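> Residue numbers (the working numbering), protein chains in the order written: chain A, 46 to 160; chain B, 973 to 1083.
Yeah, the Cβ is synthetic: ideal placement off N, Cα and C, and Gly gets one too.
The structure displayed is predicted, hence computed values, not measured ones.
Pasting a structure here, questions to come.
Shown next, in the form of structure tokens:
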């Protein structure tokens, strides 16, 4: 399977704990995105990488959130001191660079539940 | 003000009953409009990209069209397996590749 993969698929944690999610993009896609989706809403943009450079961060991304893409391949999203409001589906997407290649392909998501 | 508005929020059809979903958008410059299908508990699955007014794309029972203010996803003779949430997203000419999504239309097709 050459699609976007995410790990874990589900995470249950207690308030105040730190969690880390991983995303492996489609091979050779140099653009990688993180989104958050809550029930009944569309995905909301969090942050965007081109290769290893983090080029844009949403105002939604508080100081407790940090994302990395150290070698321009996989990416991690860490949430520190989780709050109940962080409960959501965290989606990763990737796209190749090019003039007609804006299409983003999404992974299966990581469902986070904060108790 | 929402940039992307989808209607209706939910739609129930009988198998074979054709209908259309609407996505209206307000952006300063449209670089692309995207349709995705999302099944419960899964990530969005790409369906179509539309770039300019008048453009149409088809895939099986689905056809997407685009005007300067809105897009339609037409579903012809739907089957129960077409039941899903359909998401519309826009990419603005802002320099970055981020998408702005609507809230989606939840479609249920009954046999």
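1. On the criterion of 16 or more Cβ atoms from any shown chain inside 10 Å, does residue 1061 of chain B qualify as buried, or is it exposed?
2. Within 10 Å of its beta-carbon, does residue 55 of chain A have 16 or more other beta-carbons around it, so buried, or fewer, so exposed?
3. Along the beta strand (DSSP E) that carries residue 1081 of chain B, what are the first and last residues, could you check?
4. Leaving out the 5 sequence neighbours to the left and right, which residues in its chain are closer than 7 Å to residue 128 of chain A when beta-carbon positions are compared?
5. Ignore the nearest five residues each way along the sequence and tell me which others in residue 53 of chain A's own chain have a CB closer than 7 Å to its CB.
6. In this structure, how does DSSP classify residue 1053 of chain B when only helix, strand and coil are distinguished?
7. Which first and last residues belong to the beta strand (DSSP E) in which residue 71 of chain A is found?
8. Taking 8 Å as the CB-CB limit, is residue 991 of chain B close to chain A?
9. Which residues bound the beta strand (DSSP E) around residue 1004 of chain B?
10. Going along chain A, which residues have a C-beta under 8 Å from residue 1063 of chain B?
11. Have a look at residue 988 of chain B and residue 123 of chain A and give me their C-alpha separation to the nearest angstrom.
12. Measure the C-alpha to C-alpha separation of residue 1017 of chain B and residue 106 of chain A and round it to an integer number of angstroms.
13. Can you list the residues of chain B that residue 76 of chain A reaches, using a CB-CB cut of under 8 Å?
14. So residue 979 of chain B is in the beta strand (DSSP E); what residue range does that whole segment cover?
15. Determine which residues share a DSSP beta bridge with residue 1028 of chain B and list them.
16. Residues of chain B with CB closer than 9 Å to the CB of residue 86 of chain A, please, in chain order.
17. So, using beta-carbon positions, are residue 137 of chain A and residue 152 of chain A closer together than 8 Å?
18. Under the rule that 16 or more other beta-carbon atoms within 10 Å means buried, what is residue 1025 of chain B, buried or exposed?
19. Using a Cβ cut-off of 9 Å, which residues of the region 998-1011 of chain B contact any Cβ in chain A, in chain order?
20. Taking the beta strand (DSSP E) that residue 159 of chain A falls in, what are its first and last residues?
Per the coordinate set shown:
1. Buried, since its Cβ has 16 or more Cβ neighbours within 10 Å.
2. Counting the other CB atoms within 10 Å of its CB gives residue 55 of chain A a total below 16, which places it among the exposed residues.
3. Under the DSSP assignment, residue 1081 of chain B falls in the beta strand (DSSP E) whose first and last residues are 1077-1082.
4. Counting only Cβ-Cβ distances below 7 Å, and skipping sequence neighbours, we find 60, 159.
5. The answer, listed in chain order, is 155.
6. In this structure, residue 1053 of chain B counts as helix in the three-state DSSP scheme.
7. Looking at the DSSP string, residue 71 of chain A is not in any beta strand (DSSP E), and its letter there is neither H nor E.
8. Chain A contact via Cβ: absent.
9. 1002-1010 is the extent of the beta strand (DSSP E) around residue 1004 of chain B.
10. The contacting residues are 147.
11. Rounded to the nearest whole angstrom, the CA to CA distance from residue 988 of chain B to residue 123 of chain A is 46 Å.
12. Taking the straight line joining both Cα atoms gives about 25 Å.
13. Residues of chain B whose Cβ lies closer than 8 Å to the Cβ of residue 76 of chain A are, in chain order, 1069.
14. Counted as a single uninterrupted DSSP element, the beta strand (DSSP E) harbouring residue 979 of chain B occupies residues 976-979.
15. Answer by DSSP bridge pairing, in chain order: B:1037.
16. Residues of chain B passing the Cβ test: 1073, 1075, 1076.
17. Yes; because the gap between Cβ atoms is below 8 Å, this pair is in contact.
18. Label assigned to residue 1025 of chain B: exposed.
19. When C-beta distances to chain A are compared with 9 Å, the residues of the region 998-1011 of chain B below that value are 1003, 1004, 1006, 1008, 1010, in chain order.
20. Per DSSP, residue 159 of chain A belongs to the beta strand (DSSP E) from 155-159.
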